[in-house]
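Q: Line by line, the protein sequences are chains A and B.
Counting in my numbering, the first sequence runs from 221 upward without gaps.
Counting in my numbering, the second sequence runs from 221 upward without gaps.
Think of the CB as a built atom: it goes at the ideal place given N, C-alpha and C, for glycine as much as any other residue.
Input: one structure, supplied below.
2 protein chains.
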Amino acid sequence: MPARQPSKPRASRQTPEARPYHHGDLRRVLIDAALQLASEGAEVSVREAARRAAVSPGAPFRHFPNRDALMAAAAEEAQRRFRSEIEVALGQAPATDPLGRFRAFGLAYLRWAMRNPAHFEIISTGRYFAHGSSPELTRDNAELIALTEQMLADAAAQGLLRSADLKRIQIAGRALVYGFARMNLDGHFPRWGVDEGEIERMAEGVIDLFIAGIAKSA
Amino acid sequence: MPARQPSKPRASRQTPEARPYHHGDLRRVLIDAALQLASEGAEVSVREAARRAAVSPGAPFRHFPNRDALMAAAAEEAQRRFRSEIEVALGQAPATDPLGRFRAFGLAYLRWAMRNPAHFEIISTGRYFAHGSSPELTRDNAELIALTEQMLADAAAQGLLRSADLKRIQIAGRALVYGFARMNLDGHFPRWGVDEGEIERMAEGVIDLFIAGIAKSA
DNA sequence: CCCTTATGTAATCATCGATTACATTTGATG
DNA sequence: CATCAAATGTAATCGATGATTACATAAGGG
Numbered sequence: 221m222p223a224r225q226p227s228k229p230r231a232s233r234q235t236p237e238a239r240p241y242h243h244g245d246l247r248r249v250l251i252d253a254a255l256q257l258a259s260e261g262a263e264v265s266v267r268e269a270a271r272r273a274a275v276s277p278g279a280p281f282r283h284f285p286n287r288d289a290l291m292a293a294a295a296e297e298a299q300r301r302f303r304s305e306i307e308v309a310l311g312q313a314p315a316t317d318p319l320g321r322f323r324a325f326g327l328a329y330l331r332w333a334m335r336n337p338a339h340f341e342i343i344s345t346g347r348y349f350a351h352g353s354s355p356e357l358t359r360d361n362a363e364l365i366a367l368t369e370q371m372l373a374d375a376a377a378q379g380l381l382r383s384a385d386l387k388r389i390q391i392a393g394r395a396l397v398y399g400f401a402r403m404n405l406d407g408h409f410p411r412w413g414v415d416e417g418e419i420e421r422m423a424e425g426v427i428d429l430f431i432a433g434i435a436k437s438a
Numbered sequence: 221m222p223a224r225q226p227s228k229p230r231a232s233r234q235t236p237e238a239r240p241y242h243h244g245d246l247r248r249v250l251i252d253a254a255l256q257l258a259s260e261g262a263e264v265s266v267r268e269a270a271r272r273a274a275v276s277p278g279a280p281f282r283h284f285p286n287r288d289a290l291m292a293a294a295a296e297e298a299q300r301r302f303r304s305e306i307e308v309a310l311g312q313a314p315a316t317d318p319l320g321r322f323r324a325f326g327l328a329y330l331r332w333a334m335r336n337p338a339h340f341e342i343i344s345t346g347r348y349f350a351h352g353s354s355p356e357l358t359r360d361n362a363e364l365i366a367l368t369e370q371m372l373a374d375a376a377a378q379g380l381l382r383s384a385d386l387k388r389i390q391i392a393g394r395a396l397v398y399g400f401a402r403m404n405l406d407g408h409f410p411r412w413g414v415d416e417g418e419i420e421r422m423a424e425g426v427i428d429l430f431i432a433g434i435a436k437s438a
């Protein structure tokens with residue numbers, strides 16, 4: 221090991237490989253490590269995240285009271301990315317076409333879920349941390365739901381829908397998209413997933429089928 | 221402890237509380253314990269199942285090579301119950317009405333999933349054991365899927381469907397029903413679950429909406 | 001400068017899945 | 001019966017994990 225002067229406490233200025241005692245932004249690094257582990261298909265453990273951050277196994281507990289809190293923080297980060305992508309997609313959809321916006325929303329939703337399955341699972345499953353334990357996640361999700369309700373209300377106002385039961389349509393739409401994402405996650409799409417774009421095309425087809433089903437006339 | 225005659229090897233005939241060395245049907249008891257644990261919301265551990273069977277922590281591994289194998293066996297048992305209930309429902313639906321059978325199938329599927337959420341998860345999620353590791357489960361599931369495909373083909377043959385893309389309809393239907401079940405599982409139905417039947421009524425409504433969407437005319 | 005607070009380490013614990021060596025039963029075969 | 005091999009259960013142990021505790025080190029404000 222490199223020579224260490226015991227009388228000089230300023231460790232931050234030591235040899236290059238001498239890591240300073242304090243990490244800098246361990247909390248953030250742990251969240252990133254957790255998301256990274258998940259996306260690699262590995263199971264997320266606090267210790268492995270600590271290992272990746274080159275820090276002792278107990279260190280993470282200075283930033284998170286328990287494993288669930290780390291997962292909740294990771295979920296919040298993932299949700300920010302998810303939501304950001306959806307908002308970009310909606311920003312390109314004309315406000316005058318509510319069903320078009322509905323479609324764009326569903327496409328962006330599924331696109332992200334197909335490409336970030338592990339992160340989607342962390343966000344949605346409530347297995348890694350207690351369901352209502354993250355107000356940010358709850359509020360964020362409620363806002364997304366409110367968005368879709370607004371689109372359906374607009375569509376109904378323009379007389380575009382066959383049924384007036386918006387609640388039912390909204391639940392069905394959520395179930396359809398959520399179910400498609402989870403089928404992908406849970407391995408229910410066998411080997412026509414060899415073509416990367418195949419699943420995403422099917423997602424598009426399913427969304428279009430649904431919209432055609434709720435839209436007035438043909 | 222009760223007197224024990226060391227010269228008499230016939231342990232099965234001892235005092236009432238003296239458990240025989242061999243359990244009798246440990247394999248089955250372990251599977252039931254696993255399903256019981258899951259339905260109680262507890263996480264299933266091999267040790268806890270062994271505890272409930274009043275057996276040593278190593279005993280289960282005489283019947284299952286590892287935890288996943290136990291979960292797979294539990295999944296197979298759950299799938300039998302699931303499938304049995306669906307077949308009963310289909311037995312009461314007239315063969316001449318394919319869309320009615322489709323509806324009955326979806327209702328039975330969701331009814332069981334709503335009432336046995338933990339077991340539904342074990343069957344469907346592929347998190348407790350490798351996905352293709354149970355041929356029985358795979359085959360069983362494929363048969364259920366084939367059932368729905370047949371219904372849709374019959375409906376198309378009778379000219380009941382608006383679209384000829386049966387594959388797309390079938391995937392959408394699966395996603396819808398699977399998504400609804402998983403939303404319930406993952407806690408996406410907040411507190412209008414207080415009324416027990418409320419969710420099941422919503423499930424019915426969603427299925428009807430879907431069928432109305434794919435059926436020809438109105 | 002000192003002292004409080006934040007943050008990291010080391011050591012330790014209980015639980016879990018899994019393996020190994022050993023003990024007990026069962027049941028087939030002679 | 002008697003014997004022995006196979007099946008099944010136990011005890012002890014291992015490595016990994018989440019979590020806690022006591023202690024060490026750094027940072028920053030009086």
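In chain B, what lies closer than 9 Å to ILE342(A) by C-beta?
A: None at all; the shortest Cβ gap to chain B is about 12 Å.
Q: Straight-line CA distance for GLU416(B) to PHE409(B)?
A: 12 Å
Q: Taking its Cβ as the centre, do 16 or more other Cβ atoms sit within 10 Å of ASP406(A), making it buried, or is it exposed?
A: Around the beta carbon of ASP406(A), 16 or more other beta carbons lie within 10 angstroms, which makes this residue buried.
Q: Would DSSP call ALA435(B) helix, strand or coil?
A: strand
Q: What is the residue span of the alpha helix (DSSP H) that SER304(B) lies within?
A: 287 to 311
Q: Between ARG230(A) and GLY244(A), what straight-line distance do the alpha-carbon atoms span, to the nearest angstrom?
A: Any answer about ARG230(A) is weak, because its pLDDT of 40 lies below 50 and its placement is not dependable; what the coordinates show is given next. Cα-Cα distance, rounded: 15 Å.
Q: Determine the chain A residues that contact SER383(B) at a beta-carbon separation under 8 Å, and present them in chain order.
A: The answer, in chain order, is LEU429 and ALA432.
Q: Taking the straight line between their C-alpha atoms, what separation do you get for ALA384(A) and GLN256(B)?
A: 42 Å
Q: Taking C-beta pairs closer than 7 Å, name the residues in chain B that ASP406(A) reaches, listed in chain order.
A: SER344, THR345 and GLY346
Q: For the candidate residues PHE325(A), GLN299(A), ASP252(A) and ALA274(A), whose alpha-carbon lies nearest to that of VAL308(A)?
A: PHE325(A)
Q: How big is the Cα-Cα spacing for GLY320(B) and ALA274(B)?
A: 48 Å
Q: Should ILE434(A) be labelled buried (16 or more other beta-carbon atoms within 10 Å of its own) or exposed?
A: buried
Q: For the alpha helix (DSSP H) containing ARG388(B), name the first residue and the last one.
A: That run of the alpha helix (DSSP H) goes 386 to 405.
Q: In this structure, does DSSP put LEU380(B) in helix, strand or coil?
A: coil
Q: Are there 16 or more other CB atoms within 10 angstroms of the CB of ALA295(A), so buried, or fewer, so exposed?
A: buried
Q: Beta-carbon separation of ILE391(A) and VAL426(B) under 8 Å?
A: yes
Q: Starting from the Cα of GLY311(B), find the closest Cα among LEU367(B), ALA292(B) and ARG335(B) and give me that residue.
A: Relative to the Cα of GLY311(B), the nearest Cα in the group LEU367(B), ALA292(B) and ARG335(B) belongs to LEU367(B).
Q: Within 8 Å, do at least three Cβ pairs link the stretch 337 to 357 of chain B to the stretch 284 to 303 of chain B?
A: Touching, yes, given that three or more Cβ pairs across the two stretches are closer than 8 Å.
Q: Please tell me whether GLN225(A) has its Cβ less than 8 Å away from any Cβ of chain B.
A: Reliability of the predicted coordinates at GLN225(A) is poor, the pLDDT of 34 falling under 50, and the value obtained from them is presented with this limitation in mind. No - not a single Cβ of chain B is within 8 Å of the one on GLN225(A).
Q: Around the C-beta of SER458(A), are 16 or more other C-beta atoms found within 10 angstroms, so that it is buried, or is it exposed?
A: With chain A running from 221 to 438 in the structure shown, residue 458(A) is simply not present.
Q: Tell me the rounded alpha-carbon separation between ASN336(A) and ASP428(A).
A: 22 Å
Q: What whole-angstrom Cβ distance do LEU372(A) and ILE389(A) have, given they're in contact under 8 Å?
A: Contact between LEU372(A) and ILE389(A) holds, with the beta-carbon distance rounding to 6 Å and staying under 8 Å.
Q: Just curious, the alpha helix (DSSP H) that HIS339(A) is in, first and last residue?
A: 337 to 345
Q: Is there a C-beta anywhere in chain A that falls below 8 Å from the one on PHE400(B)?
A: yes
Q: Quick one: does ILE419(A) have its CB under 8 Å from some CB of chain B?
A: no
Q: Tell me which residues share the same chain as ARG331(B) and place their Cβ nearer than 7 Å to its Cβ, disregarding the 5 neighbours each side in the sequence.
A: GLU420
Q: Given that a residue counts as buried once 16 or more other Cβ atoms are within 10 Å of its Cβ, and exposed if not, what is LEU327(A)?
A: buried
Q: Which residues mark the beginning and the end of the alpha helix (DSSP H) in which ALA253(A) is found?
A: 246 to 259
Q: Alpha carbons only, please: which of ALA423(A), ALA262(A) and ARG272(A) is nearest the one belonging to ALA253(A)?
A: Taking each of ALA423(A), ALA262(A) and ARG272(A) in turn and checking the Cα distance to ALA253(A), the smallest one comes out for ARG272(A).
Q: Quick check: is the beta carbon of VAL264(B) nearer than 8 Å to any beta carbon in chain A?
A: Using beta-carbon distances, VAL264(B) does not count as an interface residue toward chain A, since no partner is under 8 Å.
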